[in-house]
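Undergrad: Protein sequences appear in the order of chains A and B. In terms of this note's numbering, the first sequence has 74 at position 74, counting the first letter as 1, and numbering is strictly consecutive. In terms of this note's numbering, the second sequence has 326 at position 97, counting the first letter as 1, and numbering is strictly consecutive.
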Amino acid sequence: MSESALQPHDWPGRLIVVEGIDGSGKSTQLQLLQRWLEMKGYKVFFTEWNSAELVRKTTKRGKRKRSLTPTTFSLLHATDFAHRLVGSILPPLKAGMIVLADRYVYTAFARDVVRGCDREWVRKVYRFAPKPDIALYFRVPIEVAIRRLTMARQVLRDFEAGMDLKLHPDPVESFRIFQGRILDEYDRMGPEHGFVVIDATGRINDQQDKVRKVVSGRFRNYGPTQRIA
Amino acid sequence: MNELRFFGEGLPYLGPVDCTGALITLEGTDGAGRTTQLSMLRRWLEEHGHGVIETGWTRSPLIGRVIAQAKQFRTLNRFTYSLLYASDFADRLEKEIIPALRSGFIVLSDRYVFTAFARDVIRGVDRQWVRDLFGFAPIPHLVLYLKIDVATLIRRVIPRGVIDSFESGMDMALGDDPYDSFKRYQTLLLREYNAMADEFGFSVVNARMKPERIQEVIRRVVSEFFAQRQSVDTPPAGEAAPLDAGAVVPARPDTAADPVRASA
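Given below as structure tokens:
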């Protein structure tokens, strides 16, 4: 496992990532964390999974035409990540800022393996990624996630439900199976990668209190005015 | 029986890949004469009744365009450069190469993962990382390496006109002089290729010879490969005529002296 483990970085900035299945509420929590950090005078940079221009069209077209294989799906997402890493994540880290990432390589470790890629291979592919200073994992049972998603936007998006894997013709049932497997992968990663597990069924502000406590605890040697690399 | 072997983890969701065809790849820097040799080899194989499919590097319908665009706008970093080529290769592998190998075709690949290994390492990625990245790639049955020295290469490329900026590694900021950067870039590439010849057991072919002479050597190596393979496997009924290099190109007395090394 050591040859594929992420290496800690020594840039002056800090990297905080959130992980969890769709509907776990992680994006809400990250946004609240950002507000708080900015209020305290920190310089914060936000980035999210699968958002780089470079391969967006290709990924979209591939998904629409269902022409992506598990391996090309995985590699295109790795390309997206590498583009954001070098262009968006490393510069603020080197400049001593805080980077907040909505999903990180662990999302790939979970999804790509569920889609059929080799567990060890995916970890090796992402070996160039720095280990986050804090990885918050919002753990939620599938049923809660489904309730939240269907309440908010009525329909589950095909790829959240893993419809391309043809696990079940019904989107909700497919989501249940697919996200259930993702949950298993996250649970397996927890100890391996030092996740801070947050019970995501609790009240929003209770969860945020816990998040802020964890961040304060880990930021003892880090202040709003940092050196740059 | 003829199960395809992979460099690393392979493609677990495919299960074992039964391969009745053969994967033959041609490596060498630009200007070594790959394209010419490949089309001569193809014609010869087809004359002997073998089904042949050609594939190259960066031609997939899915990703080929992104690479072309990104190169034009110089938006790639060393990781996205490797990963895009890997995506492109994965697409062709699963949609063209593996189906062809399964149906008994000879797949001739103009460049293969070794091109990525060489290019990416000199662009600064970790040697082991790029090898791990391509852990899903099948190990070719035969790798023909057209070996050339930088002086011969330069004299061959210059009369063709303007030196291509990517063949000169212009994205690596080796300098603004096309001649100097071409020379420096190709020297680095050749060093990687030559090291890989040992690491992966390439069949090395001296590419300084005349094209017809190179082809003669290539056909002999390919014939030997098929002969060896047939002695291991029982040939299926109705198999194409055995390849015999001597029947097509008369053997020459100096053949024994040419620098061919069978794959390890």
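The beta carbon of each residue, even a glycine, is placed where N, CA and C say it ideally should be.
Where does A:Leu15 fall in DSSP's three states?
TA: Strand.
Undergrad: Would B:Ser311 and B:Thr254 qualify as a contact pair, given that the criterion is a beta-carbon distance under 8 Å?
TA: No. Outside cutoff.
Undergrad: Please state the DSSP three-state secondary structure of A:Pro92.
TA: A:Pro92: helix per DSSP, three-state reduction.
Undergrad: Give the interface partners of B:Glu323 over in chain A, defined as CB-CB distance under 8 Å, in chain order.
TA: By Cβ distance, chain A contributes Thr69, Thr71, Thr72.
Undergrad: Suppose you measure from the CA of B:Arg385 to the CA of A:Lys65; what does that come to, to the nearest Å?
TA: Going from the Cα of B:Arg385 to the Cα of A:Lys65 covers about 44 Å.
Undergrad: Check whether the Cβ atoms of A:Ala145 and A:Tyr126 sit closer than 8 Å, and answer yes or no.
TA: Contact flag unset, no.
Undergrad: Could you tell me whether the stretch 93-100 of chain A touches the stretch 6-13 of chain A, using the rule of 3 or more Cβ pairs below 8 Å?
TA: Output reads yes: the stretch 6-13 of chain A touches the stretch 93-100 of chain A.
Undergrad: Please go through the stretch 421-464 of chain B and give each complete beta strand (DSSP E) segment of 3 or more residues, from N-terminal end onward.
TA: Those beta strand (DSSP E) runs which fall completely within the stretch 421-464 of chain B and span 3+ residues are 432-435.
Undergrad: On the CB-based measure, 16 or more other CB atoms within 10 Å of its CB, does B:Glu441 come out buried or exposed?
TA: Under this definition B:Glu441 is an exposed residue.
Undergrad: Let me see if you follow: with CB-CB separation under 8 Å, is B:Val342 close to chain A or not?
TA: Cβ-Cβ to chain A under 8 Å: no for B:Val342.
Undergrad: By alpha-carbon positions, which one of A:Thr150, A:Ser174, A:Lys94 ends up nearest to A:Gly23?
TA: A:Gly23 has its Cα closest to that of A:Thr150, out of A:Thr150, A:Ser174, A:Lys94.
Undergrad: Report buried or exposed for B:Ile292, applying the criterion of at least 16 other Cβ atoms within 10 angstroms of its Cβ.
TA: Buried, because 16 or more other Cβ atoms sit within 10 Å of the Cβ of B:Ile292.
Undergrad: Hey, does B:Asp361 have any beta-carbon neighbour from chain A nearer than 8 Å?
TA: It does; some Cβ of chain A falls within 8 Å.
Undergrad: Let me know the secondary structure DSSP gives A:Phe178 once reduced to three states.
TA: DSSP places A:Phe178 in helix when its eight states are reduced to three.
Undergrad: B:Asp349 CB to nearest chain A CB: under 8 Å?
TA: It does not: the Cβ of B:Asp349 has no partner Cβ on chain A nearer than 8 Å.
Undergrad: Taking DSSP as the reference, what is the three-state secondary structure of A:Leu136?
TA: A:Leu136: strand per DSSP, three-state reduction.
Undergrad: Report the three-state DSSP secondary structure of A:Phe45 (helix, strand or coil).
TA: Strand at A:Phe45.
Undergrad: Quickly, what does DSSP pair B:Glu283 with across the bridge? List them, please.
TA: Its beta-bridge partners are B:Leu337.
Undergrad: Between the stretch 65-79 of chain A and the stretch 308-325 of chain B, do three or more beta carbon pairs fall short of 8 Å?
TA: The stretch 65-79 of chain A, when compared against the stretch 308-325 of chain B, does touch it at the 8 Å Cβ threshold.
Undergrad: Name the one or two DSSP bridge partners that B:Pro367 has.
TA: DSSP lists B:Phe235 as partners of B:Pro367.
Undergrad: Could you pull the start and end residues of the alpha helix (DSSP H) that A:Thr79 belongs to?
TA: Segment 70-84, the alpha helix (DSSP H) holding A:Thr79.
Undergrad: For B:Asn306, which residues in chain A fall below 9 Å Cβ to Cβ?
TA: In chain order: Ala82, His83, Leu85, Val86, Gly87.
Undergrad: Based on DSSP bridge pairs, tell me the residues matched to A:Lys131.
TA: Answer is A:Pro8, bridged to A:Lys131.
Undergrad: Can you tell me which of the three DSSP states A:Ala152 falls into?
TA: Correct three-state label for A:Ala152: helix.
Undergrad: Output, in chain order, the set of chain B residues within a Cβ distance shorter than 9 Å of A:Gly162.
TA: Chain B residues near A:Gly162: none, gap ~14 Å exceeds 9 Å.
Undergrad: Measure how close the beta-carbons of B:Gly285 and B:Arg340 come, nearest whole angstrom, since I'm counting them as under 8 Å.
TA: Sure, about 6 Å apart at Cβ, within 8 Å.
Undergrad: How many angstroms separate the CA atom of B:Ile248 from the CA atom of B:Ala456?
TA: Correcting the residue identity first, residue 248 of chain B is Cys in this sequence and not Ile. Roughly 17 Å between the two C-alpha positions.
Undergrad: Can you pull the chain A residues whose beta carbon is under 8 Å from the beta carbon of B:Pro241, in chain order?
TA: Simply Gly116, Cys117, Asp118.
Undergrad: Going along chain A, which residues have a C-beta under 8 Å from B:Thr265?
TA: Near B:Thr265 there are no residues of chain A at all, since even the closest Cβ is about 31 Å away, more than 8 Å.
Undergrad: So, is the C-beta of A:Trp121 closer than 8 Å to a C-beta in chain B?
TA: For A:Trp121, the answer is yes, since a Cβ of chain B falls inside 8 Å of its Cβ.
Undergrad: Would A:Ala52 and A:Arg84 qualify as a contact pair, given that the criterion is a beta-carbon distance under 8 Å?
TA: In contact: A:Ala52 and A:Arg84 (Cβ atoms closer than 8 Å).
Undergrad: Determine which residues of the stretch 96-108 of chain A have a Cβ less than 9 Å from any Cβ of chain B, and write them out in chain order.
TA: So nothing in the stretch comes that close.
Undergrad: Is the beta carbon of A:Tyr186 less than 8 Å from the beta carbon of A:Glu19?
TA: Result yes, Cβ atoms of A:Tyr186 and A:Glu19 sit closer than 8 Å.
Undergrad: Could you check which residue in B:Ile282, B:His370, B:Leu243 has the C-alpha nearest to that of B:Phe454?
TA: Measuring from the Cα of B:Phe454, the nearest candidate turns out to be B:His370.
Undergrad: Which residues in the same chain as B:Asn231 place their Cβ atom closer than 8 Å to its Cβ, once the five residues preceding and following it in sequence are excluded?
TA: Here the set comprises Asp247, Cys248, Thr249, Asp462.
Undergrad: Taking the alpha-carbon of B:Arg449 as reference, which of B:Lys439, B:Ile326, B:Val434, B:Gln459 has the nearest alpha-carbon?
TA: When each option's Cα is compared against that of B:Arg449, the closest is B:Val434.
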